[in-house]
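Inspection log for the structure reproduced underneath, given as structure tokens.
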Amino acid sequence: MGTRPVLVYDGDCGFCATSVRFAEKYVRPHCTVVAWQFADLDELGVTQERAEHELLWIAPGGTVYGGAQAVAKLLLSAPGAWAVPGAVLTLPPVRWAGHGLYRLIADNRHRLPGGTAACALPADRRPGVR
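Residue numbers (my numbering): 209 to 338.
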């Protein structure tokens with residue numbers, strides 16, 4: 209693993225890809241951005257199941273942050289005022305609300321603008337379904 213954090217997202221999901229392009233253009237986080245489909249997940253220390261489930265921020269030391277906390281790390285790494293909402297997103301109860309909102313969006317990303325059928329996780333991979 210390198211010295212830069214890695215942001216891993218679902219490259220097959222239109223909503224995810226659009227969101228990441230927005231972040232790259234306007235937020236400008238200091239990280240390497242890669243779709244999980246093209247990442248060496250073993251080297252990054254994450255499973256495909258987790259990468260399909262949520263946005264991931266992998267710190268240079270190997271610590272993995274997922275979902276809303278990955279968004280918080282992305283914002284904290286960006287220049288300017290983006291660090292403020294990133295810091296707020298790490299604090300309870302905002303962190304808890306952020307997690308709930310992230311799950312709501314992630315679980316319904318196929319219904320959101322830019323989302324496609326490819327954005328929907330197969331039924332057996334959806335959270336809470338076994």
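Even for Gly, the Cβ is constructed at its ideal location relative to N, Cα and C.
In whole angstroms, give me the CA-to-CA distance for residue i and residue j.
{"i": "alanine 305", "j": "leucine 215", "result": "22 Å"}
{"i": "leucine 249", "j": "proline 213", "result": "14 Å"}
{"i": "threonine 298", "j": "alanine 291", "result": "11 Å"}
{"i": "aspartate 220", "j": "glycine 269", "result": "27 Å"}
{"i": "glutamine 256", "j": "aspartate 218", "result": "10 Å"}
{"i": "valine 254", "j": "alanine 289", "result": "30 Å"}
{"i": "arginine 236", "j": "alanine 286", "result": "6 Å"}
{"i": "glutamine 277", "j": "proline 301", "result": "13 Å"}
{"i": "leucine 252", "j": "glycine 210", "result": "10 Å"}
{"i": "arginine 258", "j": "valine 242", "result": "15 Å"}
Taking DSSP as the reference, what is the three-state secondary structure of residue i?
{"i": "threonine 298", "result": "coil"}
{"i": "leucine 320", "result": "coil"}
{"i": "glycine 222", "result": "helix"}
{"i": "glycine 274", "result": "strand"}
{"i": "valine 254", "result": "coil"}
{"i": "leucine 249", "result": "helix"}
{"i": "leucine 284", "result": "helix"}
{"i": "leucine 312", "result": "helix"}
{"i": "alanine 291", "result": "helix"}
{"i": "alanine 267", "result": "coil"}
State the CB to CB distance for the pair residue i and residue j, rounded to an integer number of angstroms; the pair is presumed to be in contact (CB under 8 Å).
{"i": "glycine 274", "j": "leucine 263", "result": "7 Å"}
By a C-beta neighbour count over all protein chains shown, 10 Å radius and 16 as the cutoff for buried, is residue i buried or exposed?
{"i": "phenylalanine 230", "result": "exposed"}
{"i": "alanine 314", "result": "buried"}
{"i": "tyrosine 310", "result": "buried"}
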